[in-house]
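**Q** There's a structure below that I have some questions on.
Numbering (our numbering), first residue to last: 47 to 299.
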């Protein structure tokens with residue numbers, strides 16, 4: 047999973063892809079990414095030069111794929127929910143206007159695993175409902191319930207009800223994490239991104255004292271894990287929830 051190996055200097059990826067090019071090396075590296083342009087988007091030239099083989103893009107399923115899966119996949123008794131999950135994923139690719147919420151969740155983080163998590167939970171909800179009523183397949187109502195269940199946590203609600211500068215502070219944290227490649231930053235590093243975002247939005251930038259107060263409030267809400275020290279601007283900060291959850295909560299309605 048290349049996006050999990052990414053760091054600012056990209057030494058890990060370079061050493062990994064350079065290993066098979068060494069003399070007498072018996073190692074073959076197969077890398078899988080959820081995006082088609084990952085090498086061009088995040089890799090430095092020296093790392094991309096280690097990719098000796100061209101990329102292989104997997105095309106979108108055609109309209110006959112759903113029927114092919116139903117015809118060829120042999121499932122044991124009681125496993126029809128798994129088939130419903132597979133067909134749900136296929137329909138999500140073929141009819142994005144019906145499954146826009148699921149695909150939007152995956153697009154927020156660039157990770158298709160979120161889409162799979164939602165579909166898996168929707169299948170579990172359908173299986174539980176089938177025990178009480180007549181058997182049925184996974185429907186959009188189950189998907190909607192799974193999305194609401196997954197993203198209706200107190201943390202997400204707290205972010206949506208936060209002040210404007212508190213939300214900008216969280217966006218600044220995501221920007222610094224993306225720049226540095228590590229999920230930890232100092233208040234000073236976040237402050238620079240916060241000021242830049244305020245300029246882009248045409249807002250007045252907060253003072254350093256106001257910034258520290260914003261950080262303290264978010265820490266009191268347990269949205270942030272703040273280092274307990276008197277280092278002031280050099281105090282380290284981490285998110286207390288996943289980055290994709292923060293992006294989902296901050297997305298434009």
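Yeah, the Cβ is synthetic: ideal placement off N, Cα and C, and Gly gets one too. Note that the structure is predicted; figures quoted are calculated from it, not measured.
Within 8 Å, do at least three Cβ pairs link the stretch 263-272 to the stretch 200-217?
**A** Taking 8 Å as the limit for Cβ pairs, the verdict is that the stretch 263-272 does touch the stretch 200-217.
**Q** Quick check: the stretch 219-230 against the stretch 277-296, are there 3 or more CB pairs under 8 Å?
**A** Flag = yes, the stretch 219-230 and the stretch 277-296 touch.
**Q** Terminal residues of the continuous beta strand (DSSP E) containing residue 282?
**A** Here the beta strand (DSSP E) through residue 282 covers 282-285.
**Q** Which partner residues of residue 319 appear in the DSSP bridge assignment?
**A** Because the chain in this structure spans residues 47 to 299, residue 319 falls outside the shown range and cannot be described.
**Q** Here's the rule I'm using: 16 or more other beta-carbon atoms within 10 Å means buried, otherwise exposed. How should residue 278 be labelled?
**A** By the neighbour-count rule (16 or more Cβ atoms within 10 Å), residue 278 is not buried but exposed.
**Q** Pop quiz: residue 75 and residue 52 are said to be a contact at Cβ under 8 Å. What is the actual Cβ separation, rounded to whole angstroms?
**A** No, residue 75 and residue 52 are not in contact; Cβ-Cβ is about 15 Å, not under 8 Å.
**Q** To the nearest angstrom, report how far apart residue 60 and residue 273 are at their CA atoms.
**A** Going by the C-alpha atoms only, they are around 33 Å apart.
**Q** According to DSSP, is residue 67 helix, strand or coil?
**A** Of the three classes helix, strand and coil, the one that applies to residue 67 here is helix, per DSSP.
**Q** Could you check which residue in 164, 226 and 292 has the C-alpha nearest to that of residue 38?
**A** Since the first residue shown for the chain is 47 and the last is 299, residue 38 is missing from the structure and cannot be characterised.
**Q** Buried or exposed for residue 63, going by 16 or more other Cβ atoms inside 10 Å?
**A** Flag for residue 63 reads buried.
**Q** Counting along the chain, where does the alpha helix (DSSP H) carrying residue 278 start and finish?
**A** Looking at the DSSP string, residue 278 is not in any alpha helix (DSSP H), and its letter there is neither H nor E.
**Q** Whose C-alpha, out of 169, 248, 223 and 96, is nearest the C-alpha of residue 57?
**A** Nearest of 169, 248, 223 and 96 to residue 57, Cα basis: 96.
**Q** Using DSSP's beta-bridge definition, name the partner residues of residue 208.
**A** Per DSSP, none; premise fails for residue 208.
**Q** Residue 74 lies in the alpha helix (DSSP H); which residues open and close that run?
**A** Careful: residue 74 lies outside any alpha helix (DSSP H) and carries neither H nor E.
**Q** When you compare only the Cα positions, how much space is there between residue 126 and residue 206?
**A** Residue confidence for residue 126 is low, a pLDDT of 46 falling below 50, so the modelled location carries little weight; the figure read from the coordinates is stated next. Answer to the nearest angstrom: the Cα atoms are 38 Å apart.
**Q** For residue 134, which three-state DSSP category applies?
**A** At residue 134, the pLDDT of 48 sits below 50, so the modelled position is not reliable; the number obtained from the coordinates is stated separately. Residue 134 falls in the helix class under three-state DSSP.
**Q** Using DSSP bridges, identify the partner residues of residue 253.
**A** DSSP lists no partner for residue 253.
**Q** Tell me which same chain residues have a C-beta within less than 7 Å of the C-beta of residue 192, skipping the five on either side of it?
**A** Excluding residues within five positions, the ones whose Cβ falls inside 7 Å are 164, 167, 168 and 171.
**Q** Contact defined as beta carbons within less than 8 Å: I believe residue 227 pairs with residue 54. What is the distance between those atoms, to the nearest angstrom?
**A** 4 Å between Cβ atoms; contact.
**Q** Which one or two residues does DSSP pair with residue 318 in a beta bridge?
**A** What is shown of the chain runs 47 to 299, which leaves residue 318 out entirely.
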